[in-house]
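> Note that the sequence shown covers residues 33 to 430 in our numbering. The structure is given below, and queries will be raised subsequently.
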Amino acid sequence: MINVKQVVQVRLLPTPEQASALGDTLRACNAATSWLSERMYTDRVYRKFDVQKRFYTELRERFGLAAQPAIRVIGKTVDAYTTLRANLQAGSYGPPGSDRRRKVEDTPVRFRPQAGQPFDARCLSWQLGDAGGGETVSIWTVAGRLRTVRIAGNPGHLALLRSQPVIGETDLLHRDGVWLLHAVVEGPEAAQSEPVNGFLGVDLGIVNIATTSDGDRFCGSRLNRYRKRQLRLRKRLQAKKTSSARRLLKKRHRKEARFATDVNHRVSKNIVAEAERTGRGIAVEELTGIRDRVRLRKPQRATLHSWAFAQLGQFLTYKAQQAGVVVVQVDPAYTSQTCHACGHVDKSNRRSQAAFQCGRCDFVGHADHNAAHNIAARGVACWGEVMRPDAAPILAAS
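Next up, the structure:
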């Protein structure tokens, strides 16, 4: 059996007085994290134990925080610096000495006044009752504890919250005037099925978001038109350089992210359903470094760098786990240049973005479909390695 962690979102429906208290709480917590970030940066103190020992008392007194919210503020700030160090080591801000990297290294981490804030079970509790409505939460604020803040959400998410304990912290967010809670729960358990009929290969791309080894293509033309329109609008707004334009930019960015999330949900749902129906696992190319591997024309680069490939991979994985379908990630090297019919590898085999013609056996087909066949074959080989008696466990296959 597989335990699947799932993020659930519910909407808070506070009264005006409750909304005011929640807003004051977010502003106080984020002011506290920004203040603490500057102190940590100035004093070069980054270990959680040392930060808590040095700044805990002053943090509580200065910002009027209770004990647990103060601990959450410290954890949030320490985590931000841990993430920053990891990104610097990975080269995400450029090589040592570059202007961008130097700017990041020379500036303390800052937090927006309305940035999300984590709460643990001592600061936030759920009163869910039966499925007949009336669900509320009790949450700590700087104005005192709010005990009956109404919530609403997807019935499936609320059912999960009733049946499964919340894992770790719950995030409070305020977006476009809407109050939200994000919690992580253990999703439904499913027994992992043996992929008795092999693997369904999935090739990811820009023109076609996903192409399977069955020949199903999830076309990206409508999505790409939407992306190009959003890019033009962003450029116009950026040129204005006004505060209202910046607000609109943020709003459009969130709208675009929601659109991408919806597309990824629908694509991953269809792929998982087909694999489950046919008794196969899913083989997908390893997504790490996809932006560095892919070479595209300039007009396509913005689409590549703005598309949520990692999110699509995550959706495939967790939906497959819920269905008991095996997922493996495989090395994508040369899958677009290899003929799946005879195994001949040659760069010239791929005649164009869409056309594949083998120079040895004259096989002709769609390039993405051919690549998906190769990915499926590598999935079978990878699963064979995983199932060897002396093989070490491989998490990508879970």
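Beta carbons are placed, not taken as given, at the ideal position from N, Cα and C, and that holds for glycine. Keep in mind the model is a prediction, meaning the values are calculated, not measured.
Looking at the secondary structure, which residues open and close the alpha helix (DSSP H) in which P187 lies?
Here the question's residue 187 lines up with position 155 in the sequence shown. Note, P187: alpha helix (DSSP H), P187 to S195.
> Within the continuous beta strand (DSSP E) that includes D436, where are the two ends?
Outside the displayed span of the chain (33 to 430) sits residue 436, for which this structure offers no information.
> So for F250, helix, strand or coil by DSSP?
Here residue 250 refers to the residue found at position 218 of the sequence shown. Strand at F250.
> Closest to G247 by CA distance: which of I407, A413 and F81 is it?
The count along the sequence shown starts at 1 and reaches residue 247 at position 215. It is I407 whose Cα lies nearest to the Cα of G247.
> What residue range does the beta strand (DSSP E) around N240 cover?
To locate residue 240, count along the sequence shown from 1; it is residue 208. It spans N240 to T244 - the beta strand (DSSP E) in which N240 sits, taken as one unbroken run.
> Would you be able to state if there are at least three C-beta pairs under 8 Å between the segment 69-77 and the segment 195-203?
For the pair of segments examined, the segment 195-203 was found not to touch the segment 69-77: the number of CB pairs separated by less than 8 Å stays below three.
> Sort out for me which residues DSSP pairs H206 with in a bridge.
Start at 1 with the first residue of the sequence shown, and residue 206 comes out as number 174. DSSP lists W211 as partners of H206.
> Are the CB atoms of L269 and R431 within a distance shorter than 9 Å?
Lying outside 33 to 430, the shown extent of the chain, residue 431 is not represented and no answer is given.
> Please report how far the alpha carbon of P150 lies from the alpha carbon of L204, in whole angstroms.
For the purposes of this step, residue 150 is taken as residue 118 along the sequence shown, with counting starting at 1. For the purposes of this step, residue 204 is taken as residue 172 along the sequence shown, with counting starting at 1. Roughly 6 Å between the two C-alpha positions.
> Determine the DSSP secondary structure at Q361, reduced to helix, strand or coil.
Within the sequence shown, numbered from 1, the residue matching residue 361 stands at position 329. Correct three-state label for Q361: strand.
> In terms of residue numbering, what span does the beta strand (DSSP E) encompassing T367 cover?
Taking the sequence shown and counting its residues from 1, one reaches residue 367 at position 335. First-last for T367: undefined, no H or E at that position.
> Might you give, ordered along the chain, the residues of its own chain that have their beta carbon closer than 8 Å to the beta carbon of L160, omitting 5 neighbours on each side?
Here residue 160 corresponds to residue number 128 of the sequence shown, with the count starting at 1. Excluding positions up to five away in sequence, the list reads E167, L190, L193 and R194.
> Just to confirm before moving on: does the CB-CB distance between T115 and D152 stay below 9 Å?
Sequence index remark: in the sequence shown, residue 115 carries index 83 (1-based). Sequence index remark: in the sequence shown, residue 152 carries index 120 (1-based). Between T115 and D152, the C-beta spacing is not below 9 Å.
> Rounded to whole angstroms, what is the Cα-Cα separation between Y350 and E317?
As a first step, residue 350 must be located in the sequence shown, where it is residue number 318. As a first step, residue 317 must be located in the sequence shown, where it is residue number 285. Approximately 16 Å, taken between the alpha carbons.
> For the segment 360-374 and the segment 401-415, state whether three or more C-beta atom pairs, one from each stretch, are separated by less than 8 Å.
yes
> Do you know how far the Cα of R179 is from the Cα of G75?
Stepping through the sequence shown from its first residue, residue 75 is reached at position 43. Stepping through the sequence shown from its first residue, residue 179 is reached at position 147. For clarity, residue 75 is Asp in the given sequence; the question names Gly instead. Taking the straight line from one Cα to the other gives about 39 Å.
> Considering only residues of the same chain and omitting the five flanking positions on each side of Q389, which have a CB-CB separation below 6 Å?
On the sequence shown, position 357 is the one that residue 389 refers to. So the qualifying residues of the chain are R383 and V396.
> If you follow the beta strand (DSSP E) that T26 is part of, which residue opens it and which one closes it?
Past the boundaries of the shown model lies residue 26; the chain is included only from 33 to 430, so the question cannot be answered.
> Identify the continuous alpha helix (DSSP H) that holds S66 and give its terminal residues.
To locate residue 66, count along the sequence shown from 1; it is residue 34. Taken as a continuous stretch (DSSP letters only), the alpha helix (DSSP H) holding S66 covers P48 to D75.
> So the beta strand (DSSP E) I199 belongs to, where does it begin and stop?
As a first step, residue 199 must be located in the sequence shown, where it is residue number 167. Boundaries cannot be given for I199, as no beta strand (DSSP E) includes it and DSSP labels it neither H nor E.
> Taking the alpha helix (DSSP H) that E317 falls in, what are its first and last residues?
Position 285 of the sequence shown holds residue 317. First-last for E317: G313 to E317, but that is the beta strand (DSSP E), not the alpha helix (DSSP H).
> I'd like the list of long-range same chain contacts for V239, defined as Cβ closer than 7 Å, with 5 residues on each side in sequence excluded.
Taking the first residue of the sequence shown as position 1, residue 239 is located at position 207. Within the same chain, G252 and Q385 come within 7 Å of V239 by CB-CB distance, once the 5 residues on both sides are set aside.
> Any C-beta of chain D sitting closer than 9 Å to the C-beta of T274?
Going by chain labels, chain D is absent from the structure shown, which holds only one protein chain.
> In angstroms with no decimal places, state the Cα-to-Cα distance between W67 and E306.
To locate residue 67, count along the sequence shown from 1; it is residue 35. To locate residue 306, count along the sequence shown from 1; it is residue 274. Their backbone Cα atoms lie some 51 Å apart in a straight line.
> Please confirm whether V181 and Q50 have their CB atoms less than 9 Å apart.
Taking the sequence shown and counting its residues from 1, one reaches residue 181 at position 149. Taking the sequence shown and counting its residues from 1, one reaches residue 50 at position 18. Yes, the pair counts as a contact, with Cβ atoms nearer than the cut-off.
> Give a yes or no on whether the C-beta atoms belonging to T293 and A340 are separated by under 9 Å.
Residue mapping note: residue 293 aligns to position 261 of the sequence shown, counting from 1. Residue mapping note: residue 340 aligns to position 308 of the sequence shown, counting from 1. The answer is yes: Cβ separation under 9 Å.
> Name, in chain order, the residues that DSSP records as bridge partners for E218.
Position 186 of the sequence shown, counting from 1, holds the residue named residue 218. Bridge partners of E218: K37.
> Which first and last residues belong to the alpha helix (DSSP H) in which P101 is found?
Numbered from its first residue, the sequence shown carries residue 101 at position 69. Run containing P101: A99 to Q121, per the alpha helix (DSSP H) assignment.
> F388 lies in the beta strand (DSSP E); which residues open and close that run?
The residue labelled residue 388 in the question sits at position 356 within the sequence shown. Note, F388: beta strand (DSSP E), A387 to Q389.
> Assign Q224 to one of three DSSP states: helix, strand, or coil.
Numbered from 1 along the sequence shown, position 192 holds the residue referred to as residue 224. Looking at Q224 - three-state DSSP - the assignment turns out to be coil, as it is neither helix nor strand.
> Considering only residues of the same chain and omitting the five flanking positions on each side of G416, which have a CB-CB separation below 7 Å?
Start at 1 with the first residue of the sequence shown, and residue 416 comes out as number 384. No residues qualify anywhere along the chain.
> Using only CA atoms, which one of L281, D111 and R177 lies nearest to F81?
Taking the sequence shown and counting its residues from 1, the one referred to as residue 81 is at position 49. For F81, the nearest C-alpha among the options comes from D111.
> On the criterion of 16 or more Cβ atoms from any shown chain inside 10 Å, does R325 qualify as buried, or is it exposed?
Here residue 325 is taken as the residue at index 293 of the sequence shown, counted from 1. In this prediction, R325 has a pLDDT of 49, which is less than 50 and means its spatial position is unreliable; what the coordinates show is noted afterwards. Looking at its Cβ environment, which holds fewer than 16 other Cβ atoms inside 10 Å, R325 is exposed.
> Since F347 and H401 should fall inside the 8 Å C-beta cutoff, what is the C-beta to C-beta distance between them, to a whole number of angstroms?
As a working mapping, residue 347 is identified with position 315 in the sequence shown. As a working mapping, residue 401 is identified with position 369 in the sequence shown. No, F347 and H401 are not in contact; Cβ-Cβ is about 22 Å, not under 8 Å.
> Give me the Cα-Cα distance between D363 and G165, rounded to the nearest whole angstrom.
Locating residue 363 in the sequence shown gives position 331, counting from the first residue. Locating residue 165 in the sequence shown gives position 133, counting from the first residue. Whole-angstrom Cα-Cα distance: 48 Å.
> When we look at the beta-carbon of E226 and count the other beta-carbons within 10 Å, is it buried (16 or more) or exposed?
For the purposes of this step, residue 226 is taken as residue 194 along the sequence shown, with counting starting at 1. Answer is exposed; the Cβ neighbour count stays below 16.
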